[in-house]
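Just so you know, the numbering used here puts 82 at position 82 of the sequence shown, and the rest follows in order with no gaps.
Cβ coordinates follow ideal geometry from the N, Cα and C atoms, glycine included.
One structure is given below, encoded as structure tokens.
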Amino acid sequence: MFTLELKDDDLDAMLARIKAGLEDMSEVTNEIGEFLAESHQQRIERSLGAPDGTAWAANSPFTRSRDPRPLIDSGEMVRNINHQYGQDYVEVIATGAQVRTMHYGAAKGAFGETSTGRPIPFGDIPARPFMGLSEGDRSNIADAMMEWIERISSS
């Protein structure tokens, strides 16, 4: 049996930096969270549809007669999309009363009735999914990870 051991101080230092970086990835998870939150916000602001490119269902004629983009124009949906991150995770969080209904839809009367007995909502609301990763998001995540690895390995 023959064993050859090569020692390279520069390579050892680079591997140590990568190992240390992998123990706390907060820098890159924050960066990813920031652009994913922005991507989700833009998806709503621009009515881009679902992450997979599927167009959203149009608003009903009644809704369009009142305000064609009620959740979008108020800015409430966009303001309620943020991110949280840590050493080894990132989450995009959408909060607010309308988020679940926007993403999953709701059946007529799903939230009960008004004091006058009218259903809430007064009609079916189709799902308009906006949470998830688009192909562009996936590409941006890969790019951010590669740039981060290059930064920590060459520090």
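Sequence-distant residues of its chain with Cβ nearer than 7 Å to residue i (five each side left out)
{"i": "I32", "result": "V90, I141 and A144"}
{"i": "E150", "result": "none"}
{"i": "K7", "result": "none"}
Residue range of the unbroken beta strand (DSSP E) whose run includes residue i
{"i": "A20", "result": "Looking at the DSSP string, A20 is not in any beta strand (DSSP E); the run it does join, the alpha helix (DSSP H), is D9 to E23."}
{"i": "Y85", "result": "I81 to Y85"}
{"i": "E91", "result": "V90 to A94"}
Residue i classed as buried or exposed, judged by whether at least 16 other C-beta atoms fall within 10 angstroms
{"i": "Q41", "result": "buried"}
{"i": "A97", "result": "exposed"}
{"i": "F1", "result": "Checking the sequence, you will find Met at residue 1 rather than Phe. The residue is exposed, with fewer than 16 neighbouring Cβ atoms inside 10 Å."}
{"i": "A94", "result": "buried"}
{"i": "M77", "result": "buried"}
Residue range of the unbroken alpha helix (DSSP H) whose run includes residue i
{"i": "E31", "result": "S26 to E45"}
{"i": "N140", "result": "E135 to S154"}
{"i": "R64", "result": "P61 to R66"}
{"i": "T3", "result": "Counting along the chain, T3 falls outside any alpha helix (DSSP H), and DSSP gives it neither H nor E."}
{"i": "M131", "result": "Run containing M131: none; DSSP gives neither H nor E here."}
{"i": "R100", "result": "V99 to Y104"}
Same chain, Cβ closer than 6 Å to residue i, neighbours up to 5 away in sequence not counted
{"i": "R43", "result": "F130"}
Straight-line gap, residue i to residue j (C-alpha atoms, nearest Å)
{"i": "E5", "j": "R138", "result": "39 Å"}
{"i": "P61", "j": "D124", "result": "13 Å"}
{"i": "D52", "j": "E135", "result": "8 Å"}
{"i": "D88", "j": "T29", "result": "7 Å"}
{"i": "T101", "j": "A58", "result": "15 Å"}
{"i": "N82", "j": "L36", "result": "9 Å"}
{"i": "R128", "j": "S153", "result": "42 Å"}
{"i": "R17", "j": "R46", "result": "41 Å"}
{"i": "A50", "j": "W56", "result": "7 Å"}
{"i": "T63", "j": "P126", "result": "13 Å"}
{"i": "S65", "j": "I120", "result": "19 Å"}
{"i": "F122", "j": "T114", "result": "10 Å"}
Whole-number beta carbon distance between residue j and residue i, since they are thought to touch under 8 Å
{"i": "Y85", "j": "S26", "result": "6 Å"}
Residues near residue i by beta carbon distance below 8 Å, same chain, minus five either side
{"i": "S39", "result": "S134, G136, D137 and N140"}
{"i": "I72", "result": "I44, E45, S47 and V78"}
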